[in-house]
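Participant: There's a structure below that I have some questions on.
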Amino acid sequence: MLTLDGISKTFFPGTVNERTALDDVDLHLEQSEFVTVIGSNGAGKSTLLNVVSGSYRADTGTVTIDGHNVTKLNDHQRARYIGRVFQNPSAGTAPHMTIEENLAMAFERGQRRLLRKGVTRAKRADFREHLAVLEQGLEDRLKDWVGLLSGGQRQSLSLLMATFSQPDILLLDEHTAALDPQRAELVTRLTGELVEKQQLTTLMVTHNMEHALRLGSRLIMMHGGRIILDVSGEKKQSMTVPDLLAEFEKVKSEVSDRTLLQ
Ligand SMILES: Nc1ncnc2c1ncn2[C@@H]1O[C@H](COP(=O)(O)OP(=O)(O)O)[C@@H](O)[C@H]1O
Ligand SMILES: [Mg+2]
Numbered sequence: 233m234l235t236l237d238g239i240s241k242t243f244f245p246g247t248v249n250e251r252t253a254l255d256d257v258d259l260h261l262e263q264s265e266f267v268t269v270i271g272s273n274g275a276g277k278s279t280l281l282n283v284v285s286g287s288y289r290a291d292t293g294t295v296t297i298d299g300h301n302v303t304k305l306n307d308h309q310r311a312r313y314i315g316r317v318f319q320n321p322s323a324g325t326a327p328h329m330t331i332e333e334n335l336a337m338a339f340e341r342g343q344r345r346l347l348r349k350g351v352t353r354a355k356r357a358d359f360r361e362h363l364a365v366l367e368q369g370l371e372d373r374l375k376d377w378v379g380l381l382s383g384g385q386r387q388s389l390s391l392l393m394a395t396f397s398q399p400d401i402l403l404l405d406e407h408t409a410a411l412d413p414q415r416a417e418l419v420t421r422l423t424g425e426l427v428e429k430q431q432l433t434t435l436m437v438t439h440n441m442e443h444a445l446r447l448g449s450r451l452i453m454m455h456g457g458r459i460i461l462d463v464s465g466e467k468k469q470s471m472t473v474p475d476l477l478a479e480f481e482k483v484k485s486e487v488s489d490r491t492l493l494q
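Position in the sequence shown (first residue = 1) + 232 = my numbering.
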């Protein structure tokens, strides 16, 4: 469903600010594969997602989504393949529109044909059903402005909107990091449920190792723009947070050894 082949990305090349964010990354996700992504700050996680979404153009390599080579398409041209939730709760929804208007927008985006615009009674009933799954009473607040919602409610709504159109790829970039622990738990649980129900091919960045282990069928760890650990199946299921920390320490010392030897 998603293939990255030889992807590199360097910011400000040839200047003192040069930063290699991705260093020859190969990654393939099968249809319905749910991959969690961890790694230290600056490891290249967000850049990876931005290269998939088309927000950044890679310097080298190709991006293929559902058999289409999208390497040269920008983020708008790739939008129909991608659902996305960012860290900032205000990024995914329109605050001066009502809940139902936001949902209608997300719904229309997912349609391949042009449907009648606006919120019909049938759509409203459908929206209520979807909102009820979020277990936050939003199904009774269809005409409330989204700007009135809490961070957790907005992230839940963003998640619903991102998954509404059955995207080929769902990208989640630390989408629970700005929430208090209780709300983060709720949105994490909803993420697992929505992805499972729709069998979405998903890349989820998180700094919460426990969530990275609990969710998804596969886990990758990034460091210095490379994928340094890639585990799935039983191997992933049997891993613990201390195991992950140990892997991370191992690589960090290897990397610093290598740097010392240069
Ligand atoms: N828009 C940008 N302009 C310049 N440098 C960037 C930009 N985005 C990311 N970087 C750099 O690329 C590297 C990887 O960043 P990022 O992908 O955001 O890491 P992560 O999400 O893992 O914390 C870092 O060194 C960061 O400073
Ligand atoms: Mg990031």
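Think of the CB as a built atom: it goes at the ideal place given N, C-alpha and C, for glycine as much as any other residue.
So who's on the other strand from Asp405, going by DSSP bridges?
Facilitator: Against the sequence shown, residue 405 aligns to sequence position 173. Bridge partners of Asp405: Val437.
Participant: Report buried or exposed for Gln494, applying the criterion of at least 16 other Cβ atoms within 10 angstroms of its Cβ.
Facilitator: Within the sequence shown, the letter at position 262 stands for residue 494. Caution applies to Gln494, whose pLDDT of 48 falls short of 50 and renders its modelled position unreliable; the model cannot decide the point.
Participant: Quick check: what's the CA-CA separation for Gln263 versus Gln430?
Facilitator: Against the sequence shown, residue 263 aligns to sequence position 31. Against the sequence shown, residue 430 aligns to sequence position 198. Answer to the nearest angstrom: the Cα atoms are 11 Å apart.
Participant: To which residues does DSSP link Met453 through a beta bridge?
Facilitator: Position 221 of the sequence shown, counted from the first residue, corresponds to residue 453. Answer is Ile270, Leu461.
Participant: For Ala444, tell me which candidate among Glu250, Leu389, Leu404, Asp256 has the shortest Cα-Cα distance.
Facilitator: Taking the sequence shown and counting its residues from 1, the one referred to as residue 444 is at position 212. Cα-wise, what sits closest to Ala444 is Leu404.
Participant: Where does Arg360 sit, in a helix, a strand or coil, going by DSSP?
Facilitator: The residue you call residue 360 lines up with position 128 of the sequence shown. In this structure, Arg360 counts as helix in the three-state DSSP scheme.
Participant: Evaluate Val269 with the Cβ neighbour count: other Cβ atoms within 10 Å of its Cβ, from every protein chain shown; 16 or more gives buried, anything less gives exposed.
Facilitator: By one-based count along the sequence shown, residue 269 stands at place 37. Buried, by the Cβ-count rule.
Participant: For a quick check, are the C-beta atoms of Ile331 and Leu374 less than 8 Å apart?
Facilitator: As a first step, residue 331 is located in the sequence shown; it is residue number 99 there, counting from the start. As a first step, residue 374 is located in the sequence shown; it is residue number 142 there, counting from the start. In this structure, Leu374 lies closer than 8 Å to Ile331 by Cβ.
Participant: Determine whether the beta carbon atoms of Thr395 and Gly315 lie at a separation below 8 Å.
Facilitator: Translated into positions along the sequence shown, residue 395 becomes position 163. Translated into positions along the sequence shown, residue 315 becomes position 83. Yes. Within cutoff.
Participant: Tell me whether Gly274 counts as near ligand 1, meaning its Cβ is closer than 7 Å to at least one heavy atom of that ligand.
Facilitator: Indexing the sequence shown from 1 puts residue 274 at position 42. Within the cutoff, so yes.
Participant: Mind reading off the beta-carbon distance from Ser388 to Val419? Whole number of angstroms is fine, and I expect it under 8 Å.
Facilitator: Along the sequence shown, one-based indexing puts residue 388 at 156. Along the sequence shown, one-based indexing puts residue 419 at 187. Correct: roughly 6 Å between the Cβ atoms.
Participant: Please report the distance separating the alpha-carbon of Gly384 from that of Glu417.
Facilitator: Within the sequence shown, the letter at position 152 stands for residue 384. Within the sequence shown, the letter at position 185 stands for residue 417. Straight-line Cα distance between these residues: approximately 10 Å.
Participant: Considering only the alpha carbon of each residue, which of Arg360, Lys241, Asp358, Val317 lies closest to Leu280?
Facilitator: Working through the sequence shown from its first residue, we reach residue 280 at position 48. For Leu280, the nearest C-alpha among the options comes from Lys241.
Participant: Classify Pro399 as buried or exposed, calling it buried when 16 or more other Cβ atoms lie within 10 Å of its own Cβ.
Facilitator: The sequence position of residue 399 within the sequence shown is 167, counting from 1. Buried is the call here.
Participant: Find the nearest neighbour of Asp372 within the set Ala364, Val378, Gly379, judged by alpha-carbon distance.
Facilitator: Position 140 of the sequence shown, counted from the first residue, corresponds to residue 372. When each option's Cα is compared against that of Asp372, the closest is Ala364.
Participant: What does the Cβ neighbour count give for Thr472, buried or exposed, with the cut at 16 atoms within 10 Å?
Facilitator: Indexing the sequence shown from 1 puts residue 472 at position 240. Looking at its Cβ environment, which holds fewer than 16 other Cβ atoms inside 10 Å, Thr472 is exposed.
Participant: Measuring straight from C-alpha to C-alpha, what distance separates Arg356 and Leu392?
Facilitator: Numbered from its first residue, the sequence shown carries residue 356 at position 124. Numbered from its first residue, the sequence shown carries residue 392 at position 160. Their Cα atoms are separated by approximately 15 Å.
Participant: Given Asp258, which residues of its chain have a CB within under 7 Å of its CB, disregarding the five upstream and five downstream residues?
Facilitator: Indexing the sequence shown from 1 puts residue 258 at position 26. These residues qualify, in order along the chain: Leu236, Asp237, Gly238.
Participant: Buried or exposed: which applies to Asn282, given that a residue is buried once 16 or more other Cβ atoms fall within 10 Å of its Cβ?
Facilitator: Position 50 of the sequence shown holds residue 282. Classification of Asn282: buried, given that the 10 Å Cβ count is 16 or more.
Participant: For Leu447, name the three-state secondary structure that DSSP assigns.
Facilitator: The sequence position of residue 447 within the sequence shown is 215, counting from 1. Coil at Leu447, not helix or strand.
Participant: Mind checking which residues open and close the alpha helix (DSSP H) that includes Arg289?
Facilitator: Translated into positions along the sequence shown, residue 289 becomes position 57. Here Arg289 belongs to no alpha helix (DSSP H), and DSSP marks it neither H nor E.
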